[in-house]
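Okay, structure first, notes after.
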Amino acid sequence: MSVVKRIHENIDGNFEEHLARIQSYLRQPSISSTGQGMKETAEMTCSYIRELLGGEATLVPTSGYPVVFGKLKSNTSDRTIFVYGMYDTQPVEPLDKWVSPPFEARVVGDRIIARGAINTKGPLIGFFNALKSILDVTGDLPFNFVIGVEGEEEQGSIHLPEFADKCADELKKCEVIYMPMPNQPSEEAPPVLNLGFKGIVYLELECTTNPLDVHSSQAAILPNPAWRLIWALNSMRGEDGVLVEGFYENVEPPSPEDLYYVDSQADTVVKMMTAPYEVKNYRGRSIKAMARELVFSPSPINIDGFISGWTGAGTKTIVPCKALAKIDVRLVPNMTGEEVVNKIKNHLKKHGFDDIEVRVLSNYGWIKTSVKEKVIQAAIKTFKEFGYETVIHPMRPGSAPMYLFCREPFNMKMLFGGLGHGGLAHAPNEYIMVNGLRNFEKSIVSFLYNYSQMQP
Numbered sequence: 078m079s080v081v082k083r084i085h086e087n088i089d090g091n092f093e094e095h096l097a098r099i100q101s102y103l104r105q106p107s108i109s110s111t112g113q114g115m116k117e118t119a120e121m122t123c124s125y126i127r128e129l130l131g132g133e134a135t136l137v138p139t140s141g142y143p144v145v146f147g148k149l150k151s152n153t154s155d156r157t158i159f160v161y162g163m164y165d166t167q168p169v170e171p172l173d174k175w176v177s178p179p180f181e182a183r184v185v186g187d188r189i190i191a192r193g194a195i196n197t198k199g200p201l202i203g204f205f206n207a208l209k210s211i212l213d214v215t216g217d218l219p220f221n222f223v224i225g226v227e228g229e230e231e232q233g234s235i236h237l238p239e240f241a242d243k244c245a246d247e248l249k250k251c252e253v254i255y256m257p258m259p260n261q262p263s264e265e266a267p268p269v270l271n272l273g274f275k276g277i278v279y280l281e282l283e284c285t286t287n288p289l290d291v292h293s294s295q296a297a298i299l300p301n302p303a304w305r306l307i308w309a310l311n312s313m314r315g316e317d318g319v320l321v322e323g324f325y326e327n328v329e330p331p332s333p334e335d336l337y338y339v340d341s342q343a344d345t346v347v348k349m350m351t352a353p354y355e356v357k358n359y360r361g362r363s364i365k366a367m368a369r370e371l372v373f374s375p376s377p378i379n380i381d382g383f384i385s386g387w388t389g390a391g392t393k394t395i396v397p398c399k400a401l402a403k404i405d406v407r408l409v410p411n412m413t414g415e416e417v418v419n420k421i422k423n424h425l426k427k428h429g430f431d432d433i434e435v436r437v438l439s440n441y442g443w444i445k446t447s448v449k450e451k452v453i454q455a456a457i458k459t460f461k462e463f464g465y466e467t468v469i470h471p472m473r474p475g476s477a478p479m480y481l482f483c484r485e486p487f488n489m490k491m492l493f494g495g496l497g498h499g500g501l502a503h504a505p506n507e508y509i510m511v512n513g514l515r516n517f518e519k520s521i522v523s524f525l526y527n528y529s530q531m532q533p
């Protein structure tokens with residue numbers, strides 16, 4: 078019997094214990110926007126690396142929450158993989174929409190329901206479980222591992238560069254950044270490999286017209302910041318795209334290969350991203366056009382929120398003193414966040430809105446890995462061994478902080494994916510399928526051994 082088969086059998090034999098470990102981690106709250114449980118979760122993550130896997134683990138301080146930094150040594154390999162994860166989650170509101178309490182991690186039918194189940198505390202412990210089975214069967218690992226688990230991904234990873242600087246010597250040894258993640262759109266669907274992620278720049282636009290709110294009887298003679306900000310936003314986007322001058326000038330056109338991948342799977346590309354949210358309304362384009370825009374185009378200045386004036390119960394007649402809009406732009410190859418911010422500022426100035434303050438809250442770059450890279454080919458080979466033909470998506474519409482490690486001075490290749498299914502990230506009733514977790518752990522083992530036999 079092959080070593081991989083024996084490790085798979087170990088996973089089967091210990092799966093109830095593996096499942097309980099995932100549930101235990103999910104029961105520990107870790108909400109980065111409020112701080113709830115963050116210290117405890119960071120320490121819990123360190124303890125898994127030390128006690129479960131026999132590795133080294135420390136907390137690397139940053140200006141925000143610390144990053145869990147772990148190291149696992151192989152006795153037989155001189156190659157190193159960087160495993161990226163996150164221990165923070167989004168808030169759980171609205172609580173009344175959950176069918177099971179978000180921090181009890183109950184098995185409800187065929188799934189675990191919990192905040193962080195799929196995004197991404199559940200998969201992180203699933204990865205640790207897979208390594209535990211490898212160690213139990215062989216006593217060694219097929220690679221050296223550097224592990225970085227941050228606590229601010231949901232806040233834009235704004236202090237992750239501090240970790241990268243402090244741990245640069247260890248990170249430079251890594252050939253690949255790997256984020257193990259169940260990525261089947263449904264239990265039956267083939268797994269998706271995302272070769273890249275869009276970047277994102279997240280901004281606040283604030284308009285202030287007076288020091289205080291004023292009685293609305295004065296509205297005839299006072300500027301209203303809400304209207305002014307609405308007019309500014311309206312000048313930036315039309316029905317068919319962004320009106321900011323030069324916005325699209327550096328967008329890299331898709332290759333024929335990338336167009337083939339998207340056009341041949343357009344329905345999957347669109348529905349994979351929207352189905353868990355029961356989306357009913359789209360922007361009226363064809364499926365192919367929507368798929369191309371999702372993958373290849375920068376997002377057309379999305380308004381995440383708009384705040385101004387009185388929003389409580391009843392009436393309060395005022396001219397508000399300020400208005401605030403939160404917006405984001407998803408970036409595609411050859412775009413930078415700095416470029417987009419400067420173009421938005423220049424646009425506002427040109428159109429008479431130079432009084433509007435622009436603040437950058439986060440700025441991720443984009444990532445793109447070739448399908449020809451050995452790490453991608455190893456994943457494709459692995460999924461085929463499990464009976465699946467891999468669906469290739471050239472670019473995921475979302476964003477991820479792994480970009481930081483795919484550029485100078487690290488230049489790692491990226492792998493994001495795995496077997497298994499979950500959904501409703503950031504929403505009530507976030508879940509991960511129990512049976513999918515078993516294959517998720519097994520696919521990690523198979524991938525690591527397949528990749529260990531390929532030269533990078």
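Its first residue numbered 78, the sequence shown is counted upward by one per residue in the working numbering. A virtual CB, placed ideally from N, CA and C, is assigned to each residue, including glycine.
Distance check between Leu289 and each of Leu371, Pro330, Lys82, Val396 places Val396 closest, using alpha-carbon atoms only.
Counting only runs of 4 or more residues that sit fully inside the segment 112-190, the alpha helix (DSSP H) segments are 115-124, in chain order. Closest option to Ser476, judged by alpha-carbon separation, among Gly276, Thr351, Asn506: Gly276. Going by DSSP, Gly90 is part of the alpha helix (DSSP H) stretching over 80-90.
Minimum Cα-Cα distance from Gly494 among the listed residues Tyr255, Ser523, Trp308 corresponds to Tyr255.
For the pair Tyr279 and Ser110, the CB atoms are not nearer than the 7 angstroms cut-off. Contact between the segment 415-424 and the segment 316-329 is established, with three or more Cβ pairs separated by less than 8 angstroms. Around the CB of Pro171, fewer than 16 other CB atoms lie within 10 Å, so the residue is classed as exposed. Counting only runs of 3 or more residues that sit fully inside the segment 457-524, the beta strand (DSSP E) segments are 468-470, 490-494, 508-510, in chain order. When rounded, the separation of the alpha-carbon atoms in Asn301 and Gly315 is 23 angstroms.
Taking all protein chains shown into account, Lys399 has 16 or more neighbouring C-beta atoms within 10 Å of its C-beta and is therefore buried. Secondary structure note for Thr285: its beta strand (DSSP E) is the uninterrupted segment 276-285.
Scanning its chain for C-beta atoms nearer than 7 angstroms, with the 5 sequence neighbours on each side dropped, one finds around Met510 the residues Asp187, Arg188, Glu264, Gly497, His498, Gly499, in chain order.
For the 7 angstroms CB-CB criterion, Ser107 and Pro478 do not form a contact. Selection Thr394, Leu401, Val409 evaluated against Glu370 yields Val409 as nearest (Cα-Cα).
The continuous beta strand (DSSP E) containing Phe222 extends over residues 221-227.
Across the structure, Glu128 and Val184 are spaced so that their CA atoms are roughly 26 angstroms apart.
Here Gly112 is not near Asp165, since their CB atoms are 7 angstroms or more apart.
Pairwise C-beta distances place the segment 141-156 in contact with the segment 218-225, as three or more of them are shorter than 8 angstroms. Under DSSP, the beta-bridge partners assigned to Val437 are Leu280. Ranked by how close their Cα comes to the Cα of Phe240, the residues Ser520, Gln532, Phe482, His503 have Phe482 in first place. Here DSSP, grouped into helix, strand and coil, assigns Ser385 to strand.
Collapsing the DSSP output to three states places Val396 in a strand.
Within 10 angstroms of the beta-carbon of Thr351 lie fewer than 16 other beta-carbons, which makes it exposed.
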